[in-house]
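A short write-up of the structure that comes next.
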Amino acid sequence: MTPSLLGRVGVGYKYMGKNKLAKFANMEEYPHVFQYPFAALQEKGFGMKGKWNELFFKNDNPIVLELGCGKGEYTVGLAKLFPEKNFIGIDIKGARMWTGAKQSFEEKMTNVAFLRTHIELITHFFGQGEIAEIWITFPDPQMNKTNKRMTSTRFMKLYRQILAENGIIHLKTDSNFMYTYTCEMVKENNLPVLFQTDDLYHSGLADDILKIQTFYEQQWLARGLNIKYIKFECPERNWTEPDIEIEKDDYRSFGRSNMLNQN
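Quick note: the sequence shown uses our numbering, first residue 1, plus one each step.
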């Protein structure tokens, strides 16, 4: 699929360092990477909305998103484990995404794509019912800003617009705050829970997904922190925020921003 047909538009990089500029130059050349600023969406819309399988993947396999994909290693790892599914990593940080984009391109993977955009704009890129599953891996828990929390009801409403009828959401997090909040949100809205644990690697779960660890995840495990995981369905609901006070993560004040910048 050519950039001109899809209406892909580059993003200005005037003030970026040479390393980032080189990565962005690579990204512009990768046929499986889509960088689409909001101005272009307003003007033209996105030509593959609702047609990713038809126009890009060329199959009818389920589509899975990873939101906030960082370096893209989880997107690539999942795509290798599940060749019968299509995977799209989404992040606004293109320099991070370059790692997974480069690897998947060099390995000629045909079930992987990357989309550089804000997560709040995903309904501009995907049609109703087009997505089978969503992975949210180690998001910022946004302890002081509920509306920015990626499992808040604000985001659930967005996900519901693009998920299939029995669409699934996966959350992996090191944050007890994020995990507790999400469990309470799920409970408040009576969402079907398929699996949950506050200690994934000692849960007894026998699943190949345990083999995939992001750079960020490895850092938290090295510090002795438990990884939490919850898998649930996201049906239509009259969404209600949980009314609960949750203890904040005190360890997050130490080095978190530096670790995020490496991811």
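Every residue, glycine too, gets a C-beta built ideally from N, C-alpha and C.
What three-state label does DSSP hand Leu-115 in the structure shown? strand
Leaving out five residues before and five after His-118 in sequence, what residues of the same chain have Cβ atoms less than 8 Å from its Cβ? Phe-38 and Ile-92
From the DSSP output, in three-state form, read off Asp-250 for me. helix
With DSSP as the reference, label Leu-260 as helix, strand or coil. Because Leu-260 sits at a pLDDT of 48, beneath the cut-off of 50, its placement in the model cannot be relied upon, and the point is left open.
Taking buried to mean at least 16 other C-beta atoms within 10 Å of its own C-beta, is His-202 buried or exposed? exposed
Just the Cα atoms here: how many angstroms apart are Arg-116 and Met-48? A direct Cα-Cα distance of roughly 15 Å separates Arg-116 from Met-48.
Can you check which of these residues, Cys-234, Phe-56, Asp-249 and Thr-99, is closest to Ile-168 by C-alpha distance? Cys-234
Taking all protein chains shown into account, do 16 or more other C-beta atoms lie within 10 angstroms of the C-beta of Lys-71, making it buried, or fewer, making it exposed? Burial call: buried.
Look at the Cβ atom of Ile-63, then the Cβ atom of Asn-86, and state whether they are nearer than 8 Å. yes
Inter-residue Cα distance where the pair is Thr-99 and Ile-136: 19 Å
Do Thr-182 and Glu-73 have their C-beta atoms closer together than 8 Å? no
Between Met-156, Ala-132, Leu-158 and Lys-80, which has its C-alpha nearest Lys-211's C-alpha? Lys-80
Anticipated Cβ contact below 8 Å, Ile-269 with Glu-217, distance rounded: An answer regarding residue 269 cannot be provided, because it is not within the stretch 1 to 263 covered by the chain.
Would Met-178 pass as a contact of Pro-139 if the rule is Cβ separation under 8 Å? yes
Below 8 Å between beta carbons: does that hold for Glu-130 and Gly-77? Not in contact: Glu-130 and Gly-77 (Cβ atoms no closer than 8 Å).
Taking 8 Å as the threshold (C-beta atoms), are Leu-121 and Thr-272 in contact? Nothing about residue 272 can be reported from this structure: the residues present for the chain run from 1 to 263 only.
Leaving out the 5 sequence neighbours to the left and right, which residues in its chain are closer than 7 Å to Pro-83 when beta-carbon positions are compared? Asn-111
If you count every other CB in all the chains shown that lies within 10 Å of the CB of Arg-223, and 16 or more means buried, which is it? exposed
Close Cβ partners of Phe-46 (< 7 Å) along its chain, the five nearest in sequence each way excluded: Tyr-36, His-124 and Phe-125
Beta carbon of Asn-176: closer than 7 Å to some heavy atom of the ligand PLP? In the structure on display, the ligand PLP does not appear, and there are no ligands present to speak of.
Would you list, in sequence order, the uninterrupted beta strand (DSSP E) runs of no fewer than 3 residues that lie entirely inside the stretch 28 to 70? 33 to 35 and 63 to 67
Note down, in chain order, each residue of its chain lying with its Cβ closer than 6 Å to the Cβ of Asn-261, except the 5 sequence neighbours on either side. With a pLDDT of only 48 at Asn-261, under 50, the local geometry of the prediction cannot be trusted, and no value is derived from it.
For Cys-69 and Gly-89, which I take to be in contact (beta-carbon distance under 8 Å), what is that distance rounded to the nearest angstrom? Right, the Cβ-Cβ distance comes to about 3 Å (below 8 Å), so this counts as a contact.
So, for Ile-246: in the same chain, excluding its five sequence neighbours on each side, which residues have a beta-carbon less than 6 Å away from its beta-carbon? Phe-177, Thr-180 and Tyr-181
Helix, strand or coil, according to DSSP, for Glu-133 in the structure here? strand
Rounding to the nearest angstrom, what Cα-Cα distance links Asn-59 and Asp-243 in this structure? 43 Å
C-alpha distance - Phe-56 paired with Ala-113, whole-angstrom precision: 9 Å
Who are the Cβ neighbours of Arg-237 in its own chain at under 8 Å, not counting the five residues just before and after it? Within the same chain, Arg-237 has close Cβ partners Met-156, Arg-160, Asn-189, Asn-190 and Leu-191.
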